[in-house]
Every structure is written in structure tokens, then in C-alpha cells.
Amino acid sequence: MIAAVRERGLAVTLGSNGLLLNSEISRELVRLGVERVVISVDGVKPETYAGIRGATLSQVLDNIRGLNEAKRQLGSLYPALGIEFVALKTNLDELPQLTELATHLNAARVLVSNVLAYSEEMRAEMLYGYEPRPPFMAQGWPVRADAWVMWGTLDLPRMHWGAERRCRFVQDRAVVVGWDGGLAPCYALCHNYSYFAIDGQKKQVSRYVLGNVNEQSLAEIWMSEAYTRFRSEVRSFHFPSCPNCDLRATCDLRDNNNGCWGWNPSCADCLWAQDIVRCP
């Protein structure tokens, strides 16, 4: 799949937990010209990482070093390495150490996201909301790139609900193709799930599929009336702001991700649109 995408001259970013990133796969990613690999590292201490991911941190770090070695042996600067860190109450104190780890791993970017809370347990880990929070300190570090030294960046999320709302998926002309070929417009609408919104109310989200690539071409789905209308609505983003509504405690439209202004599905309290929850 990566080879087919690269043959069309498109850039490839690969997100991974890093557990299966062995030397053979690393060398193949370098040969294929993958532009960026983003590895999830949600803890600097082995016990923190194991508690969140249920895996061994040392294995992931060894695999990242193996990717760097493959790049060195094959004389390539790519794929550039990024690290994704989901900030929780239990791992927030390790964030400053993550930039030090990024230095040792020669990672060009650390992307910090908040958690999308699917359960009461995860709800208790949420850092974002209405209450004041300890500020994150943005930092940088040197990243070696052949004869050059670049500056690594710590990319931080928003922590509070605000007036600015925009869909990065629509703006970047992104699509999400599911395992069955179903095409959704974004991660937030690509499967069925429930989660806790920023004000603590539980929401049910239904998968929103605009076509299937096994039945239609991507161009046909993209240019369909339904998808064109959806993108237009999301670009204007004239959705109500549910977390700020005085009627939110008694309104049942929000429970099923519907909107009082007739939108279905509604992006009214999408955490991605607020840049609170993020993806590489």
C-alpha cells in the first residue's frame, strides 16, 4: 500500500505504537521513502508506559534506535521521527523529560494531545476543561540532520473550550477509509463509540459513512452531493456550541451527536475542532 502511494508521488506519514518496528520493516520504510514516522510514547518511565500501553518501553525505544540506524546505513534523512504523547494526570509530570528523550532519539517533533475519554477511568485522567490548569512549558532541542542541526519542536494542545473552531480534516482534504472500505470524513466519525465531552456529559457517536471505495471510486464519493454539502457545512462551522448552552443538561439531541439547528451529524462539541484532541 505504501509503495502504491509513493508511486503516485504522495507523501506518507505512518503512525505506530512502535512495537512491530523491527530492523526489516525499518529498512523497508527507508527504501520506500516514507516521509515521517510518528511513534506513540505516553510515558518516559517504564512503569508509566506499561500502565498506559500495557507494553515494554525499552522494546519501543530499541526499535526507534533501529530505525535511526537503518537511516544511517542507507544514507537517508527520512523518515523523520515524531513522537506523540497523550497527556494524562498520571503522566503529565514526565512531559519535561520527554523532550530530553526526544533529543536522544533525534526526534524532530513531539506532538502532545489530550485524551478522548471513553470511560469513567479515563474521564478522571482528563486535563482539559473549565478549571485553571498548570501551564505547559514549550521547549526545543537540537536535531541532527546530516551536516545540519535543526531545532525540534514541542507542539502543545489547547486546554480550554474556546470560540475558535475549525476542522483540520476538511481543511487538509483528508478522508478516513475503514477496514470495510467505508469512507468517513474524519477520525471523530469513523466508528461507533461513546465518550465524555468537555463538560462531563456522555455522548454517543455513530459512524458516518459517505460511500464505500469497494463500490465507487474515491473521486465519485468525494464529489457526491452529500459529501460536498458536508464539507461546505463544516468549513463554515455554523454549529451551536453545546458545552456553552444553558439547556445542555436537559437536551437529548446531543446524546446522539445531533444538533438543534438541524445538523446530523453535528460537530458542535468536537474536541478535534477545538485542537484539544489531536492526531499527527
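Be aware that the sequence shown starts at 46, since it is given in the numbering used here, and climbs by one per residue.
By construction, the Cβ of each residue, glycine as well, lies at the ideal position given by its N, Cα and C atoms.
- Query: Mind checking residue 204: buried by the 16 CB within 10 Å criterion, or exposed?
  - Reply: Buried is the call here.
- Query: Taking the continuous alpha helix (DSSP H) assigned at residue 147, which residues delimit it?
  - Reply: 140-150 is the extent of the alpha helix (DSSP H) around residue 147.
- Item | Nonlocal neighbours in the same chain, by C-beta distance under 7 angstroms from residue 285, ignoring five residues either side | So the qualifying residues of the chain are 304, 305, 306 and 313.
- Task: Using 10 angstroms around the beta-carbon of residue 202, count the other beta-carbons present and answer buried if the total reaches 16, otherwise exposed.
- Result: With 16 or more Cβ atoms within 10 Å of its Cβ, residue 202 is classed as buried.
- Measuring CB to CB, does residue 210 end up less than 8 angstroms from residue 282? Yes.
- Item | Range covered by the alpha helix (DSSP H) that runs through residue 282 | Looking at the DSSP string, residue 282 is not in any alpha helix (DSSP H), and its letter there is neither H nor E.
- Message: Let me confirm a value: residue 224 is counted as buried when at least 16 other C-beta atoms fall within 10 Å, else exposed. Which label applies?
- Response: Of the other Cβ atoms in all chains shown, fewer than 16 fall within 10 Å of the Cβ of residue 224; this residue is therefore exposed.
- Using the rule of at least 16 other Cβ atoms within 10 Å of the residue's Cβ for burial, across every protein chain shown, is residue 138 buried or exposed? Under this definition residue 138 is an exposed residue.
- Which ranges does the alpha helix (DSSP H) cover as unbroken runs of at least 4 residues, wholly within the region 196-272, from first to last along the chain? As far as the region 196-272 is concerned, its whole alpha helix (DSSP H) runs of at least 4 residues are 213-216 and 263-267.
- Are the Cβ atoms of residue 160 and residue 112 separated by less than 8 angstroms? One thing to note: residue 160 has its Cβ no nearer than 8 angstroms to the Cβ of residue 112.
- residue 132 lies in the beta strand (DSSP E); which residues open and close that run? Taken as a continuous stretch (DSSP letters only), the beta strand (DSSP E) holding residue 132 covers 125-132.
- In or out: residue 99 buried (at least 16 other Cβ within 10 Å) or exposed? By the Cβ neighbour-count rule, residue 99 is exposed, with fewer than 16 other Cβ atoms within 10 Å of its own.
- Message: So, with DSSP's three-state summary, where would you put residue 109?
- Response: In this structure, DSSP gives residue 109 a helical state, which the three-state scheme calls helix.
- Message: Measuring CB atoms only, is the region 291-304 touching the region 118-138, in the sense that at least three cross pairs come out at less than 8 angstroms?
- Response: They do not touch, by the three-pair rule.
- Task: Please state if the CB of residue 207 and the CB of residue 319 are separated by a distance shorter than 8 angstroms.
- Result: Yes. Within cutoff.
- How would you write the range of the beta strand (DSSP E) that residue 50 sits in, first residue to last? Looking at the DSSP string, residue 50 is not in any beta strand (DSSP E); the run it does join, the alpha helix (DSSP H), is 47-52.
- Task: Could you tell me if residue 116 is buried or exposed, where buried requires 16 or more neighbouring beta carbons within 10 angstroms of its beta carbon?
- Result: When all chains shown are included, residue 116 counts as buried.
- Item | Neighbourhood of residue 119 by C-beta distance below 6 angstroms, restricted to the same chain and skipping five residues each side | Here the set comprises 75.
- Task: Pull up the distance between the alpha-carbon of residue 152 and that of residue 86, whole angstroms please.
- Result: Going by the C-alpha atoms only, they are around 12 angstroms apart.
- Message: For residue 311, count the other beta carbons within 10 Å of its own beta carbon; 16 or more makes it buried, fewer makes it exposed. Which is it?
- Response: Looking at its Cβ environment, which holds 16 or more other Cβ atoms inside 10 Å, residue 311 is buried.
- Message: Can you list, in chain order, the residues of its chain with a C-beta nearer than 6 angstroms to that of residue 244? Leave out the 5 residues immediately preceding and following it.
- Response: Same-chain partners within the cutoff: 288.
- Per DSSP, residue 154 forms a beta bridge with which residues? Answer is 127 and 198, bridged to residue 154.
- Query: Candidates 55, 315 and 228: which alpha carbon is nearest residue 269's?
  - Reply: Looking at the Cα atoms, 228 is the closest of the given residues.
- Item | Proximity of residue 221 and residue 238 at Cβ, strictly below 8 angstroms | With contacts defined as CB atoms closer than 8 angstroms, residue 221 and residue 238 fail to qualify as a contacting pair.
- Message: Could you compute how far the alpha carbon of residue 125 sits from the alpha carbon of residue 91?
- Response: Using only the alpha carbons, I get a separation of about 24 angstroms.
- Query: Can you tell me whether DSSP reads residue 60 as helix, strand or coil?
  - Reply: When DSSP states are grouped into helix, strand and coil, residue 60 belongs to the strand group.
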